Each structure stands twice: as structure tokens, then as C-alpha cells.
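Chains as they are written, first to last, in this note's numbering: chain A, 19 to 299; chain B, 328 to 738. Beta carbons: idealized from backbone N, C-alpha and C, even for Gly. Just so it is clear, the structure is predicted and the values come from calculations on it, not from any experiment. Taking it in order: structure first as C-alpha cells, then the write-up.
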Amino acid sequence: MSVPDHAGKSGKAFQKAKEEGRGALIGYLPVGYPDVPTSYAAMAALCGDGDNPGVDLVEIGLPYSDPMMDGPVIQRAGTSALARGVHTRDVFGAIEAIAATGTPAVAMTYWNLVDRYGVQRFARDFANAGGCGLITPDLTPDEAGEWIAASDEHDLDRIFLVAPSSSDERLKATAEASRGWIYATAIMGVTGTREQSSSLAPVLVERLRALAPDRLVGVGLGVSNGDQAADVVSYADGAIVGSAFVRTLLDAEDAGRPGDFSALRRVVADLADGVRRTPRS
Amino acid sequence: MTLPDASGHYDVFGGKYVPEALYAALDQLEREFTSALADPSFMDELHRLQRDYAGRPSPITEARRLSEQAGNARILLKREDLNHTGSHKINNVLGQALLTKRMGKTRVIAETGAGQHGVATATAAALLGLECRVYMGKVDTDRQSVNVARMKLLGAEVIAVEAGSATLKDAMNEAMRDWVASVDDTHYLIGTVAGPHPFPLMVKEFQRVISTEARGQILDTYGELPYAVAACVGGGSNAMGMFADFIDDPEVHLFGFEAGGDGVETQRHAASIGGGSIGVLHGTRTYILQDEDGQTVESHSISAGLDYPGVGPEHSFLASRGRAVYEPVTDAEAMDAFRLLTQTEGIMPAIESAHGVAGALRLGRRLAETDPDLRPLICVCLSGRGDKDIDTALTWFGIDGLPNDTVGGVK
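This is the structure in C-alpha cells:
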């Protein structure tokens, strides 16, 4: 199957899943929680092992002091990571730890961290470490001139978000500015698990498909179990999961076993099963 | 060129660094705001409320006894403390609450630091029949409990935010999170000239009335423009209101006084322009307090209303162009001015406003040395009254709330 240029690096993970007749699973964990080395190990655990499939793409979260798109679970992990001294540069080690499992990685970061590091310099160091691109929750194409130039120069993916409230005009412009895939937020809200599947997400993905038929779409916010993931990949190309993974790490630390990934592995297995459940046309 | 540009930039400052989910709401807000400003019925209603409800115009008081301590300067106070609810915050809140109704929304949310903006928002919500929720850092609900009680009495719901540093910036994060999920029926009534476009522009326009009145009042009474206008700067809404109509008068100096806390050199301050660097916070590019990684650094000020690690983007622009001058005022200088104004004029200012008064005193004394022949008029925006700060002041001055003596009792 030929991969279009705008599928970029991280889009290949979606394409590979497609070839296997299933949806892709994208898993988020923040770097630095419960500490930097353990977070690297947790991200590697996300990727599965041997006969146990894991996520197809890791989304490395950079903890930020003012995470306006995050709910309480990711906030708590991020605040702890910052208090324990995580730095922006720790994302590069995370990419290498994930690459050792053969799984590609993107990063999710609020814009001030990249701005402060220097957009060009961050793009260079991130590409050198082997990262695929960035998900930017508070940077839309409107303010992304410098990032678009730097990501072109260093061949990095630009994964912008779209929302149920996005106008057709903005959906189209965002799709055109994106490379890799497009992150569709399933609900109007912040990160965190939701019991019910979103009714807004299928409509949003359908609108996006009509306006930008050749683009890959992942759906996130509120997706936490195999059933929900199966539902999401029945209409989208990938399901994005964060808080459900982070929750297992918070619980493990609360139980005094911060390096215990057994619950994490169970959630991964359930979700990996979910994206394989619905046969795709 | 008129600023901001169409996408909300003041040169390199400003803009919209927000989740895509909020774009539709910001676009709607910008459209409605623009059409409302041009709609005589909207402006008539706003002016009616400013006059009959808030008590505008606010007077200018010449502070004669205070001015004895200010070199050769005559200090004029623009009395925003006399507005209904006790501060300039009502100006902006009435405008945005009317816009909320115009947009067909039924609920407002707000962040508040000292509680002044929260009280003003709860007040306008009561007046216009809007549901109201106010987010306030846990540290601030503890130190401003009277304002929490006022908001609750007005029918608002007050939510204490424990996340992060549990102060104003975290209250703003929480309000943004609420807004992303509730934007269909809810307006986020931001209290200062910060946040994403169009908030800095809109809040400035609703606060412009301060300088429109002051300019006319000073010309009427003194027959000349002031040498300088001055105001405290946290997010910077009263300062932007005080500056707005004077920006195009090149002979009028503009001074903003930021919260210097323990002193900018101690790192315990809230002076974003004087002691910060350029970054992105709460949807706008501006001067912020941040560490080497771009994580927001906690600000420190005795004044809860100035305790914010960012500043409105137009202030950053005015500073970068040298059109306005920003200087830090320490906690100690502000409290000295608080006592001096109270005991020379019988006007107890909010501690926020005391920073502006301290700065004006410093400016007057400095001019007496550099330009001894000058008799400058300095107009300070007295942005709020000090009732809410009595506990803080008693602690600072080591005064107890007991009488000096007791008489008339029979043992």
C-alpha cells in the first residue's frame, strides 16, 4: 500500500494497522511519572511484548504547570512529575526507550515548553532522537507559522486537534496544515475517562472525512476500555487512550508499588483486543 | 496600523493559543462584541447601567495632604473605589454580562484572585439573571474569605481550586476547562486584559471609560492634560482602562506599577514585565514568570489581585515600544502608601491600588529632583477600596482589632 506524503512518519503506524485490517491504538503516558526512569519503563510496557500486542504509537506527554486541556488524573501525574524534577529534555530519553521496542513515538506538549526551548532547536533535537512529531493541544495552525517551518525542515509530523465545535472551514484548514494524522476530540471537554461513548465523535469524523477524505483520523478524550476502542475504530482510523493508563500508575504508587505495571498491562491488553475486534472493510 | 491585528496580535504579543474546541466560541464572541460596540441600543443599555447602577462617572479627588509627600506633584485620584462593588471590575463585568445575554447564553463563569472580579461577576449575574460559578485558588479563598461570602450571598457558586499553586493562574486553568465543556450555554467572563483574543481588546474597551472620564474631568478642572497617569498592574485591566484614552497623547507619560513582592531580585514577586520573559500563558503571548523549561513560576505579592505570573499582551507591547513605563513596587512600599493615603486623605485603598499610589509618590519625588521647576499633575487610578484587605493590613502593621482603652465600666 502506498503511503501518501501527508501521512508522515506517525501515519505509518496507522497504515500498518490498516493493513492488518484493524484500527490503530495510540497510548499516552507522561514522562517523569512516577519518576523519569520508571516512566520510560512504563512507556516500553505500553508497547506490549512477545505474543502480547501493545499500542501502535506512543504519545509521550510533557508535564506542564498549566495544563488547561487535562482532567484531574493527568494533572495529578504531571504535577507530581514536575515536583520530582522532570525536564523538557527528558522527552528525548523517552523516545529512545520506546524506539528500543520498535514502536514509534510522538509527543503531546503545551506550546510554551517548545517555545521556551526554541522551536527550531526543539525540532532538531526531537528529530535527532527519532521522534515522529508533535500533538499540540494549545497550538492551532493559526499560530503555528514557526512550527510549520521547523517541522518541514526536520521532517516532523504536525498533529493538530479538531473538535465537535470546529467549523467546516476550520476542519479543512486544519487538515491541510496537518501531517501524520488528525486528532479528533470526541467530546467538548478535557482528558479523563468517560463511561459512555461519545455521540459527537462519529459525526465529527464523518464531517472530516467528507472535507478531507484522504486523511488519517485518531479519536481521543474519554476512551478508556476495549469496548469503547472497538466502537471508535469502527468509524475512525485510531483510538487514543491516556487517563486509563495513567490511572493504573497512580493506583500502583498509592499501593506502594510504583514500578508494578501489571494493571497497566491488563488495560493495554483489553484495548489492544478492542481495536482488533471489529473487522474493517 | 490599528492594533491588535485581525488575529489579535500586538506585534509579537497576544494571539490565540487555545484548544481548537474554543475557537468557535472566541469567533462568536469577537463578532458579537464588534457588532455590540456599533449597536446604539447595546451601548445605551451599558451606559444606563454604568450611570444608574454602578454610579458612574466616578469622581476625581485631588489628594492635597498626600501630595505633600510627593515632591512638587499634585496627585489626583480617579475614584474607581466608589463604584458599586468597590472596584473598577464592575465596568468590564457589566459589558460582558450584557454580551452574554446578547449571545443567548445563560451562564457565566469567572476566575478571581482577590475576589473583586468574582464579586463583580456575581453581582452582574444577579442583576441580569445569569447562573454564575466562580473559580478561586484555595490559597485565595483562605485569605479573602469575606469576598467568598459576598459571592455566595449574591447567589454564585464558589469553587476552590487546589490544583497547581492553588492561586489565580490555577483558577484560570480551571475556568478554561469548564468553558471547553460548557461553551454552548456558558460565557467565560475573564476579568483582565489577558487571555486569548478578543479578551484583551474587549476588556480594554469596557475599561476605557476610566480614562475617557478622567481625561475630560482633568481638562475641565485643570485646563491641561496630566503629566502622567499611573495604575497598578497585575493582569492590567485598570491600568489599560486608565491608559486607553491617553495612549495617543504623546505628552502624557504612562506608568504601570507591578507587584514587586519582596523585591524583584529575591525572585518572590509578581512583576512579569520587570522580572519575567516572553512566553505563552493562558492563551496569549506576553511577559510571564517562567523557569528555564517554560514552566510557570509561582508569583508572590501581598496583594491577591496582583498575584498573577502574566500580564495583558498590550502592556507587553507598550513596554516593548517604550510608550508605557513599568516599575515594580514592593509589598513594603505598597503598605506604606496604604497607611499614608488612609491617614492623610481618609481613603483606604485596596492593597492593589496602594501599589499605584506608592508608584505615584515615588514618581513625584523623583521628578522633584530631576525637574525641580515642574509642577506635575499625576493621576492615579484608585482601582478599589480596602475593606477586603483589613485582615492583611492588621497583620502587616501588627495592629490588633481591640480598642485602645476602655472607660465607663464600674468594677
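Selection from the options that minimises the alpha carbon distance to residue i
| i | options | result |
| --- | --- | --- |
| A:A257 | A:V208, A:D232, A:W199 | A:W199 |
| B:V473 | B:I717, B:V737, B:N731 | B:I717 |
| A:V180 | A:D84, A:V49, A:R225 | A:R225 |
| B:L471 | B:T388, B:D714, B:A390 | Position check: residue 471 of chain B holds Gln in this sequence, whereas Leu was assumed. Here the closest residue by C-alpha is B:D714. |
| B:G633 | B:V435, B:I486, B:T519, B:K343 | Reading off the sequence shown, one finds Leu at residue 633 of chain B, where the question assumed Gly. Closest by alpha carbon: B:T519. |
| A:R294 | A:V241, A:G29, A:K36 | A:K36 |
| A:G103 | A:P85, A:A118, A:L80 | A:L80 |
| B:I537 | B:H524, B:Y635, B:C708 | B:C708 |
| A:A262 | A:V49, A:G244, A:P122 | A:G244 |
| A:F300 | B:S643, B:Y344, B:R406 | In the structure as shown, chain A begins at 19 and stops at 299. Residue 300 of chain A is therefore absent and cannot be evaluated. |
| B:G639 | B:E654, B:T657, B:H609, B:S626 | B:H609 |
| A:E114 | A:D272, A:R284, A:L289, A:S57 | A:S57 |
| A:A118 | A:Y253, A:A254, A:D232, A:A62 | A:A62 |
| B:A424 | B:S394, B:L516, B:A508 | B:L516 |
| A:L157 | B:A493, B:F584, B:P346, B:H415 | B:P346 |
| B:S647 | B:F573, B:I605, B:Q355, B:T439 | B:I605 |
| A:D143 | A:A168, A:P155, A:E164 | A:A168 |
CB contact below 8 Å: residue i versus chain A
| i | result |
| --- | --- |
| B:M503 | yes |
| B:K432 | no |
| B:V507 | yes |
| B:A768 | Here chain B comprises residues numbered 328 to 738, so residue 768 of chain B is not present and cannot be evaluated. |
| B:T388 | no |
Beta carbon proximity, residue i to chain B, threshold 8 Å
| i | result |
| --- | --- |
| A:P155 | yes |
| A:A181 | yes |
| A:Q93 | yes |
| A:T203 | yes |
| A:R212 | no |
| A:R176 | no |
| A:R233 | no |
| A:R225 | no |
| A:L188 | Per the sequence presented here, residue 188 of chain A reads as Arg, with Leu not at that position. Taking Cβ atoms only, chain B reaches closer than 8 Å to A:R188, which makes this a yes. |
Where residue i meets chain B, residues with beta-carbon distance less than 8 Å
| i | result |
| --- | --- |
| A:T106 | D620, G621 |
| A:M15 | Because chain A spans 19 through 299 in this model, residue 15 of chain A falls outside it and cannot be assessed. |
Contact set between residue i and chain A, taken where Cβ atoms lie within less than 9 Å
| i | result |
| --- | --- |
| B:S334 | D160, E161 |
| B:K496 | S83, D84 |
| B:Q617 | S83, N130, R134 |
Where residue i meets chain A, residues with beta-carbon distance less than 7 Å
| i | result |
| --- | --- |
| B:L608 | D84, N130 |
Under 8 Å by beta carbon: chain A residues contacting residue i
| i | result |
| --- | --- |
| B:V510 | S183, M206 |
| B:N500 | D84, P85, M86 |
Beta bridge counterpart(s) of residue i as assigned by DSSP
| i | result |
| --- | --- |
| B:S680 | Note: B:S680 sits in no beta bridge, so no partner. |
| B:S414 | B:G711 |
| A:M126 | A:G79, A:I153 |
| A:V73 | Note: A:V73 sits in no beta bridge, so no partner. |
| A:C65 | Partner(s): none; A:C65 has no beta bridge. |
| A:G256 | A:A42, A:G236 |
| B:S604 | B:I615 |
| B:Y462 | B:E438, B:I486 |
| B:T733 | Note: B:T733 sits in no beta bridge, so no partner. |
| B:A651 | B:L581 |
| B:F340 | B:Y337 |
| B:V556 | B:L581, B:C706 |
Chain C within 8 Å of residue i, Cβ atoms only
| i | result |
| --- | --- |
| B:A381 | Of the protein chains in this structure, namely A and B, none is chain C. |
Can you pull out the residues from the segment 342-368 of chain B whose beta carbon lies closer than 9 Å to at least one beta carbon of chain A? Within the segment 342-368 of chain B, the residues whose Cβ lies closer than 9 Å to some Cβ of chain A are G342, K343, Y344, V345, P346, E347, A348, L349, Y350, A351, A352, D354, listed in chain order.
Interface positions of the segment 96-124 of chain A facing chain B (Cβ-Cβ less than 7 Å), listed along the chain: Against chain B - using a Cβ distance shorter than 7 Å - the residues of the segment 96-124 of chain A are T97, L100, H105, T106.
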